[in-house]
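For the sequence shown, the residue numbers in mature numbering (1 follows the signal peptide of the UniProt record, and there is no 0) are -21 to -1, 1 to 177. The structure under discussion appears below in the form of C-alpha cells.
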Amino acid sequence: MKYFAVVVAALLFVAANPIKAAPACGTTPPQWTGYVYEISFADAKLALRISQANYDRNAKKLKISDVDVKESAQKTISLFDYSTGNSYVSVEGQCTKGNVTGDIPNFGVPSDATAEPGGAKYLGSSLPNLGVLVYEYYGSNSVDGDYYVTYTPVGDGTACVPILRSTLTVSPLKEAIIEYTNITTTLPSDPFSMPPGC
C-alpha cells in the first residue's frame, strides 16, 4: 500500500508539472543589438573574436563589427544590406564591396532542428525564478554540419533570443562556438554606418 501511495503521488506530481514543450523559436525579435563571442577552428587555425551585432529584419540590414580579435582572426567590420543586395566587408580598414542574396537571416532555431527531449532547462539555477529559461535544439545541415543551439523565449515564445550555438563539420574539419550576450531590442545610434574604407 505504501508503494502504491508513492506511485500515485509521483504520477500526480508529473501531471501537475508537465515538461514544457520547446517553442518553435523560428525567429528572433525583428530588431536587436548585442555582443557575439566566437571561438572557431578552421583550416588548422584558431580564431577568437568579440563582435557587436546590429540587426533589423524590417530594414533588411545586419552589421557585425569586431571589437577585439585574437589568434589568426583579422579585425573585420561587415555590413549586409539585403534591401539593396550589397555587402561591404572591411578587413583591417581595406573594404571590399560584394553582393548578398536571399533573405536576411532570422537567427532563429533552424527549421530542421530537433528539440532536446528533456524540455525546458534553466541556466544558472534550476529554480524557475533564479535561472534563465532556455530550450536546446540539435540537428545537422549542409551549412553548419552538426549543430547544437540554445535559445531563450521572449514574449509569447514565438520569438527567441539565441544564447549559444556550437557547430562541427568533419570534412573539412572546422568547429565554432558562438555565444550571444547583452541582447536588447533597441539599436544604438547610426547602427548601420558604412564600414571603414568603404
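Built from N, CA and C at the ideal position, the CB exists for glycine as well.
Expected contact under 8 Å - CB spacing of residue i and residue j to nearest Å
i	j	result
V111	L102	4 Å
T7	N85	7 Å
P175	I56	7 Å
residue 216	L27	Only positions -21 to 177 of the chain appear in this structure, which leaves residue 216 out of reach.
Test item: CB-CB of residue i and residue j under 9 Å
i	j	result
T131	W11	no
E115	A1	yes
V13	T146	Looking at the sequence shown, residue 13 is not Val but Gly. Cβ distance not < 9 Å, so G13 and T146 don't count as in contact.
D82	Y61	yes
V128	L143	yes
L58	K42	yes
T93	D125	no
Own chain partners of residue i with C-beta closer than 7 Å, once the 5 adjacent residues on each side are dropped
i	result
L(-11)	Low confidence applies to L(-11): its pLDDT is 33, below 50, so where it sits in the model is not reliable, and the reading given next is rough at best. If we look at L(-11) and ignore the five residues flanking it on each side, it has no Cβ neighbours.
D91	G118 and N120
Where residue i falls, given that 16 or more other Cβ within 10 Å makes a residue buried
i	result
A52	buried
V(-15)	In this predicted model, V(-15) has a pLDDT of only 34, less than 50, meaning its place in the structure is not dependable; the value taken from the coordinates is given anyway. Classification of V(-15): exposed, given that the 10 Å Cβ count is below 16.
P141	buried
D45	buried
S69	buried
Beta-carbon contacts of residue i that lie in its chain and below 8 Å, excluding the five residues immediately before and after
i	result
N37	P9 and Q10
T80	G64
E95	A1, Y114, E115, Y116 and Y117
Neighbourhood of residue i by C-beta distance below 6 Å, restricted to the same chain and skipping five residues each side
i	result
N78	G64
I156	I18 and S145
D47	I29
C4	G87, V88, Y130 and C139
D35	Q10
Next on the checklist: With three or more beta-carbon pairs closer than 8 Å as the criterion, would you say the stretch 58 to 74 touches the stretch 13 to 31?
Outcome noted: No, the stretch 58 to 74 is not in contact with the stretch 13 to 31.
Checklist entry - Do the stretch 18 to 27 and the stretch 138 to 157 touch if we need at least three Cβ pairs shorter than 8 Å? => result Yes, the stretch 18 to 27 is in contact with the stretch 138 to 157.
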